[in-house]
Amino acid sequence: MSSSKVELSMDHLENAAPKILITNTSSSFEKVVSACTGAVITMSFMNPLDVVKTRLQESSKNGTNQYKGTIDGLSKILKNEGIFALWRGLLPGLVMALPSTAIYFVGYDYIRDTIRGSRYANSALDNYSPLWAGGLARTMSALVVSPLELFRTRMQSAEGINGFGDVWKGVSRMVQIEGPRALWRGLLPTMLRDVPFSGIYWMGYEKIKHRLSEGNDLSHFQTSFIAGASSGMIAAIITTPFDVVKTRRQVSSDAREARVGYILKSIMAKDGASGFFRGVVPRAVKVAPACAIMISSYEMGKHFFSNRKNQLE
């Protein structure tokens with residue numbers, strides 16, 4: 001082949017590359033649709049475990065320890081409150097999921113892709129972009145949805161047994177005493193839980209997905225699912241102490257007992273260090289498949305829209 005033909009072929013590939021990149025990119029709206037669809041599927045399946053986790057952490061606060069574990073909690077709630085109690089808090093959770101997933105997933109993709117397309121590509125900033133981009137995206141998301149998270153947690157606690165009315169009265173009393181800032185109660189431990197969780201999760205997800213993609217015949221869905229479950233479980237276990245503090249802070253109606261310092265001392269006095277990992281089993285069992293379902297739904301949604309664009313073109 002002559003050098004002129006080689007140059008022509010290279011020019012053709014270079015000119016074709018941008019077109020391929022564009023057709024394989026989902027729009028922000030398509031990413032939002034993919035993320036919200038994943039959130040609805042995930043929360044519908046995982047809500048029962050979230051309810052049990054909340055009850056386990058709350059019972060430690062009250063000193064009753066009425067639930068001996070995940071299975072015991074599930075059976076007692078089913079027996080005493082009925083099957084629908086396991087989906088208590090689902091509605092505010094779904095309402096919360098819409099802005100949360102839009103900000104979180106689309107924000108993460110935007111921050112990461114912006115760095116990769118800048119002069120910082122392949123730098124240390126780029127290599128660790130999943131770590132800090134995940135944390136930054138979760139920070140923005142937590143600030144927006146914290147009041148809804150407060151309602152959802154209280155709906156899942158013992159206070160929510162009698163329905164939304166009691167929860168509304170409890171929250172209203174908090175606002176009257178402490179002002180509107182009470183709606184963001186639990187924001188600090190939530191941030192302490194979710195920001196490191198997101199950083200650990202996204203860093204682990206990108207690394208595991210890259211490893212699974214090398215020399216394996218796994219599909220795009222399988223790779224995303226396995227990487228999401230693995231990184232989610234690791235991040236969930238590490239950040240459980242912050243989740244315990246957040247739950248205890250949000251279910252408390254007493255301003256003094258809701259202080260982080262008081263909660264830390266109370267947990268240590270009643271349960272010792274192990275108290276900070278109360279509910280770790282249902283949390284890990286819930287988070288691992290939840291992350292797997294969420295990220296694989298999100299990735300497959302983007303993949304669907306990209307393929308649809310290619311077919312239309």
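Letter 51 of the sequence shown, counting from 1, is numbered 51 in UniProt numbering, and no numbers are missing. Beta carbons: idealized from backbone N, C-alpha and C, even for Gly.
Just the Cα atoms here: how many angstroms apart are residue i and residue j?
i       : j       : result
Arg-256 : Gly-134 : 33 Å
Met-155 : Gly-89  : 5 Å
Val-95  : Leu-148 : 8 Å
Pro-282 : Gln-222 : 24 Å
Ala-137 : Tyr-104 : 5 Å
Leu-183 : Ser-219 : 43 Å
Ala-35  : Ser-297 : 7 Å
Phe-304 : Arg-112 : 21 Å
Val-265 : Ala-124 : The residue you asked about is not Val; residue 265 is Lys in the sequence shown. Roughly 40 Å between the two C-alpha positions.
Ser-172 : Phe-164 : 12 Å
Asp-243 : Ser-230 : 19 Å
Thr-153 : Thr-247 : 7 Å
Ala-158 : Lys-209 : 40 Å
Leu-131 : Thr-139 : 13 Å
Phe-84  : Ile-161 : 11 Å
Ser-59  : Leu-78  : 17 Å
Within 10 angstroms of its Cβ, does residue i collect 16 or more other Cβ (buried), or is it exposed?
i       : result
Ala-102 : buried
Thr-240 : buried
Met-268 : exposed
His-47  : Inspection of the sequence shows that residue 47 is occupied by Asn rather than by His. Asn-47 comes out buried.
Gln-272 : For the sequence presented, residue 272 should be read as Gly rather than Gln. With fewer than 16 Cβ atoms within 10 Å of its Cβ, Gly-272 is classed as exposed.
Phe-45  : exposed
Asp-29  : It is Phe, not Asp, that sits at residue 29 in the sequence shown. Counting Cβ neighbours within 10 Å, Phe-29 comes out exposed, since fewer than 16 surround it.
Leu-56  : buried
Quick one: what's got a C-beta closer than 8 Å to residue i's C-beta in the same chain, skipping five residues either side?
i       : result
Leu-21  : Because the pLDDT of Leu-21 is 34, which lies under 50, any placement of that residue in the model is unreliable, and the number read from its coordinates should be weighed accordingly. Cβ within range, chain order: n/a, list empty.
Ser-213 : Thr-223
Tyr-120 : Asp-126
How close, in whole Å, do the beta carbons of residue i and residue j come, if the pair is a contact with beta carbons under 8 Å?
i       : j       : result
Ala-227 : Tyr-205 : 5 Å
Arg-260 : Pro-189 : The question names Arg, yet the displayed sequence has Val at residue 260. Right, their Cβ atoms sit about 7 Å apart.
Met-142 : Asp-109 : Here residue 142 is Ala; the residue named in the question, Met, does not match the sequence. About 18 Å separates the two Cβ atoms, so there is no contact after all.
Val-287 : Gly-215 : No, Val-287 and Gly-215 are not in contact; Cβ-Cβ is about 28 Å, not under 8 Å.
Thr-70  : Val-285 : 7 Å
Gln-250 : Arg-185 : 6 Å
Leu-187 : Ser-146 : 5 Å
Gly-38  : Val-52  : Actually they do not touch by this definition, with Cβ atoms about 22 Å apart.
Ile-234 : Val-245 : No, Ile-234 and Val-245 are not in contact; Cβ-Cβ is about 20 Å, not under 8 Å.
With a threshold of 7 Å on Cβ separation, who are the neighbours of residue i within its own chain once the five nearest residues in sequence on each side are excluded?
i       : result
Val-32  : Ala-102 and Val-106
Pro-92  : Leu-148, Phe-151, Arg-152 and Met-155
Gly-199 : Leu-131, Trp-132, Gly-134 and Gly-135
For residue i, which residues from the same chain have a beta carbon less than 6 Å from its beta carbon, with the 5 sequence-adjacent residues on both sides left out?
i       : result
Phe-225 : Ala-292 and Ser-296
Asn-307 : none
Any beta carbon from chain C within less than 8 Å of residue i's own beta carbon?
i      : result
Leu-49 : Of the chains in the structure shown, none is chain C; there is only one protein chain.
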